[in-house]
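Input: a single structure, listed below in structure tokens.
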Amino acid sequence: MLHTELYKVFYFTAMYRSLSEAAQMLYISQPAISKSIKKLEALTGCTLFIRNSKGVTLTTEGQILYDYVKSAFETLHNGEMMLEKLKKRTEGIVKVGMSNTLCRYFFLPHLEAFHYQYPGIHIQIINRPSPDTLKLLEQGQLDFGIISIPMDKGDLEYIELMTIQDIFVAGRKYDIPDCALPLKKLVSYPLLMMEAENLSRIHIDDYFRANQLSFTPEIEISSMDILIEFAKIGLGIASVIKSFVTEELALGILKEIPISPAIPERTIGIALKKNIPVSLASQSFIAFLKGTRGTSQ
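Each residue of the sequence shown is one higher than the last, beginning at 3 in this note's numbering.
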């Protein structure tokens, strides 16, 4: 059994080499200090102090014990100081998972502002497709994940951050009328898609199934960046997220292909485990992202 209070008395007495000063620091009487030391000496079976006219000095055994007790109290003090820093958000670690696409086009624009506000909080980003992100979250390896469609089921909670719109785009090679293109007509073109397990692709697949249509992509790839580049050089019509190609659309490098019926909107949001407290640093980042709700900066 660890006699914490006895070691506390021992620690202050050894540090000040005085029963009276230890009593003042601990706000107890000097006889109570003496009683505690005698009790600790009885428990350890060793004489810990030699009393003299100037106070007390440690015996050889007392010095050995003091070195350990001093280290323990310093460790506890450092732990308390670290908790204080965490509470003040001056230090901390956030473990967040997301796909490469969401990291580049959604998360990174917010990261600079967060780092400026909380420079002592370190961010660990684990880049995985959204299904893998959710698995890591369920295994307790992440504080939270950023995903592109709601997954509020079981022990997972979903906090919506912004709405996104999937569109089809083509490079300058394709001269397609501005009027809405029937979905049946769209499938006659070479289609560029994210790979099958990607949540963006799953959303598009569900959209086609809802309209009793199927398709075979010309190209499938795991990177939306490369998908966009393929569309630019005219390899086909690509399925992308509109807010991620605003610059290309504005410059005319890519053209949005209106289709009928329109693709349903979806959302980007935070996925986290229900009833499991996240770190103070993660709470700060989640609150920060919620404060930017609806913006992509």
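All C-beta atoms in this analysis are idealised placements derived from N, C-alpha and C, irrespective of residue type, glycine included.
- If the five residues before and after Gln-119 are omitted, its C-beta is found closer than 6 Å to no C-beta atom of its own chain.
- In the DSSP secondary-structure assignment, Asn-129 is bridged to Met-100.
- Phe-217 carries a coil assignment under DSSP once its states are collapsed to helix, strand and coil.
- Spanning the alpha carbons of Ile-259 and Met-164 requires a straight line of approximately 23 Å.
- Gln-167 and Tyr-209 have their C-alpha atoms spaced approximately 13 Å apart.
- In the structure shown, the three-state DSSP call for Asn-80 is helix.
- Beyond the five residues adjoining it in sequence on each side, Leu-144 comes within less than 8 Å, by CB distance, of Lys-97, Val-98, Gly-99, Ile-128, Thr-135 and Leu-138 in the same chain, given in chain order.
- Among the bridge pairs identified by DSSP, Tyr-18 is matched with none.
- Secondary structure within the stretch 31 to 77: the alpha helix (DSSP H) runs of 4 or more consecutive residues, fully enclosed, are 32 to 46 (chain order).
- Residue pairing from DSSP places Arg-268 in a beta bridge opposite Ile-166.
- Taking the C-beta atoms as reference points, Thr-77 is found no nearer than 9 Å to Glu-63.
- Annotated three-state conformation of Val-11 is helix, per DSSP.
- Looking at the DSSP output, Ala-273 shares a beta bridge with Gly-147 and Tyr-160.
- Rounded to whole angstroms, Leu-185 and Glu-93 show a C-alpha spacing of 52 Å.
- Less than 9 Å divides the Cβ of Ser-38 from the Cβ of Phe-12.
- For Ile-239, no alpha helix (DSSP H) encloses it; the enclosing beta strand (DSSP E) starts and ends at 239 to 243.
- The stretch 248 to 258 and the stretch 167 to 183 touch, with three or more beta-carbon pairs separated by less than 8 Å.
- Around Ser-284, the same chain offers Val-96, Asp-145 and Phe-146 as residues with beta carbons nearer than 7 Å, after the five sequence neighbours per side are excluded.
- Where Ile-259 is concerned, there is no enclosing alpha helix (DSSP H), although the beta strand (DSSP E) around it starts and stops at 257 to 259.
- Taking the C-beta atoms as reference points, Cys-48 is found no nearer than 9 Å to Leu-21.
- Note on geometry: alpha-carbon atoms of Gln-65 and Leu-50 lie some 8 Å from one another.
- Setting aside the 5 residues that flank it on each side, Leu-188 is surrounded in the same chain by Ile-261, each with a C-beta closer than 6 Å to its C-beta; the list follows chain order.
- Closest option to Arg-106, judged by alpha-carbon separation, among His-79, Ile-148 and Asp-69: Ile-148.
- 9 Å or more divides the Cβ of Thr-103 from the Cβ of Ile-265.
- Only exposed fits Arg-211, as fewer than 16 other CB atoms lie within 10 angstroms of its CB.
- Using a C-beta cut-off of 8 Å, the stretch 271 to 282 makes no contact with the stretch 190 to 206, since fewer than three inter-stretch Cβ pairs fall below that distance.
- Annotation for Ala-182: no alpha helix (DSSP H) segment contains it, and DSSP assigns it neither H nor E.
- Straight across, the Cα-Cα distance linking Asp-177 with Gln-126 is about 44 Å.
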